[in-house]
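This report refers to the structure that appears directly beneath it.
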Amino acid sequence: MKEFYHIFKKFITKEGYDEAMKRLSNWRLIPLLSVLALMLSGCGEPFISALRPAGEVAKKQYDLMALSTAIMVGVIAIVVLIFLIVVIKFRRKDNKIPKQVEGNHKLEIIWTAIPILLLLILAVPTVAATFNLADTKEMDKQNSNALVVNVRANLYWWEFEYPNEKIVTGQELVVPTDEKVYFNLKASDVKHSFWIPAAGGKVDVNTDNSNKFWLEFDSKKASEANNIFYGKCAELCGPSHALMDFKVKAVPRAEFDQWVADMQDVKEPEQAATDLASQGQDVFNKSCMGCHAVTPSNATPEAARLAPNLTNFGERTTIAGVLEHNEENLKKWIRDPESYKPGNKMTGAYNALSEQELDALTKYLMTLKVQD
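With the UniProt record's numbering as the guide, the letters of the sequence shown map in order to residues 1 to 372.
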């Protein structure tokens, strides 16, 4: 409190006041900084920006944003123009009070009708798009060929189950391009929100009900992004909310079918090829198997899937969704997951490993691949 008093006392002195005014004289920097901030806000990569749509859903939402922005900017510009005209043309030149007259009925009708018309212009396409994007009847049909993905959100990782293909994977979603992919969203602990910025707006993931929607990934945009998009949780869910990321691999249909076939061929954990990896497999079976699976079958009940499926861990692009995929970072994650994702369920879930066990386990995990 005393420090605050001394600062305040210094400010109200002449010297303090002059110093403050001198700093304010640099107001010319404000427009420059504003322009710089505006320019930076337009920066973004094709795989993370909602302003660079990469699919039908994202394009429709982007068009609605552009339409609403154009309407708002147009209204502001017209109002400002009328205001300037009135201020300049009808400014008071004396102290006389002008004659009071009743309102112009035509003008009143016009400025009442225009907002209604603008609301209709915005409301009609918005309502039409809302119903279109919420149409998931195809995924509920029997014997449907629609690709359905059951998304389960956890603290702080994502599980993706393909019920028709009978496979499960974690942290990396694989989808075909140029066709609708239907999602069924459910949370296992707290409320989350599923969001792939480049593909479409976020949808809540609740614990007490399932939300359904669909997305489509454009093949041309996917190619520009090297077939990788970024997804994340968009609902504050805990200390590692900002780190609850996942990757989306959007590939041609033939490549997706091959991935599904390769995953389905994994019936049991592949035996390690080297002595070190074999030692790592033993460590995994003793310390990790209770939570992690290394087979993609969806036969395991949802409630028993305590941690991400690791069947194709060696092919992933990130570790825990936030670290570059390499052996060094994997060791760092296993040693101290709490320092990278505070509050995650892996922290304290196993006994500390020796350096030799850690090397062996890392080598084994990096060999978990289903494709060459």
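Idealized CB from N, CA, C, for every residue including glycine.
Task: Limits of the unbroken alpha helix (DSSP H) element including residue 266 - done: Start at 1 with the first residue of the sequence shown, and residue 266 comes out as number 266. Segment: none, residue 266 is in no alpha helix (DSSP H) and carries neither H nor E.
Open item on the list: Does the region 324 to 341 come into contact with the region 354 to 361, if we say contact requires no fewer than three beta-carbon pairs (one atom in each stretch) closer than 8 Å?
Closed with: yes
Task: At least three beta-carbon pairs within less than 8 Å, the region 95 to 102 to the region 142 to 159 - done: no
Open item on the list: Please classify residue 352 as buried or exposed, where buried requires at least 16 neighbouring CB atoms within 10 angstroms.
Closed with: To locate residue 352, count along the sequence shown from 1; it is residue 352. Its Cβ having fewer than 16 others within 10 Å, residue 352 is exposed.
Task: Three-state class that DSSP yields for residue 126 in the structure shown - done: Start at 1 with the first residue of the sequence shown, and residue 126 comes out as number 126. Of the three classes helix, strand and coil, the one that applies to residue 126 here is helix, per DSSP.
- [ ] Answer yes or no: does any C-beta atom of chain B fall closer than 7 Å to that of residue 231?
- [x] Of the protein chains in this structure there is only one, and it is not chain B.
Task: Through-space distance from residue 104 to residue 216, alpha-carbon basis - done: As a position in the sequence shown, residue 216 is number 216, starting the count at 1. As a position in the sequence shown, residue 104 is number 104, starting the count at 1. The alpha-carbon atoms of residue 216 and residue 104 are separated by roughly 52 Å.
Open item on the list: I believe residue 256 touches residue 174 by the beta-carbon criterion, under 8 Å. Please report the beta-carbon distance rounded to the nearest angstrom.
Closed with: Position 256 of the sequence shown holds residue 256. Position 174 of the sequence shown holds residue 174. About 6 Å; that satisfies the 8 Å criterion.
Task: Cβ neighbours of residue 286 in the same chain (closer than 7 Å, five flanking residues each side left out) - done: Here residue 286 refers to the residue found at position 286 of the sequence shown. Within the same chain, residue 286 has no close Cβ partners at all.
TODO: State the start and end residues of the unbroken alpha helix (DSSP H) segment that holds residue 83.
DONE: The residue you call residue 83 lines up with position 83 of the sequence shown. 56 to 89 is the span of the alpha helix (DSSP H), which, as asked, contains residue 83.
- [ ] Report the three-state DSSP secondary structure of residue 234 (helix, strand or coil).
- [x] The residue labelled residue 234 in the question sits at position 234 within the sequence shown. Coil at residue 234, not helix or strand.
- [ ] Specify, as a first and last residue, the run of the beta strand (DSSP E) that residue 330 falls within.
- [x] Locating residue 330 in the sequence shown gives position 330, counting from the first residue. No beta strand (DSSP E) contains residue 330, which is instead part of the alpha helix (DSSP H) from 327 to 335.
Open item on the list: Let me confirm a value: residue 268 is counted as buried when at least 16 other C-beta atoms fall within 10 Å, else exposed. Which label applies?
Closed with: Start at 1 with the first residue of the sequence shown, and residue 268 comes out as number 268. Exposed, because fewer than 16 other Cβ atoms sit within 10 Å of the Cβ of residue 268.
Task: Spatial neighbours of residue 301 in its chain, beta-carbon cut-off 6 Å, leaving aside the 5 residues before and after - done: Against the sequence shown, residue 301 aligns to sequence position 301. Taken in chain order, the list of residues that qualify is empty.
Task: Which of helix, strand or coil DSSP assigns to residue 296 - done: For the purposes of this step, residue 296 is identified with residue 296 of the sequence shown, where counting begins at 1. Three-state result, residue 296: coil.
- [ ] Please work out which residues of its chain come closer than 6 Å, Cβ to Cβ, to residue 277, disregarding the five sequence neighbours upstream and downstream, and give them in chain order.
- [x] Taking the first residue of the sequence shown as position 1, residue 277 is located at position 277. Result list for residue 277: 363, 364, 367, in chain order.
- [ ] With distances taken Cα to Cα, identify the nearest neighbour of residue 305 among 315, 294, 234.
- [x] Sequence index remark: in the sequence shown, residue 305 carries index 305 (1-based). Comparing Cα positions, the closest option is 294.
Task: Given 8 Å, three or more beta-carbon pairs between the region 226 to 236 and the region 246 to 253 - done: yes
Task: Residue closest to residue 266, alpha-carbon to alpha-carbon, out of 168, 190, 326 - done: For the purposes of this step, residue 266 is taken as residue 266 along the sequence shown, with counting starting at 1. When only C-alpha atoms are compared, the closest one is 168.
Task: Inter-stretch contact (C-beta, 8 Å, three-pair minimum) for the region 61 to 79 and the region 123 to 141 - done: yes
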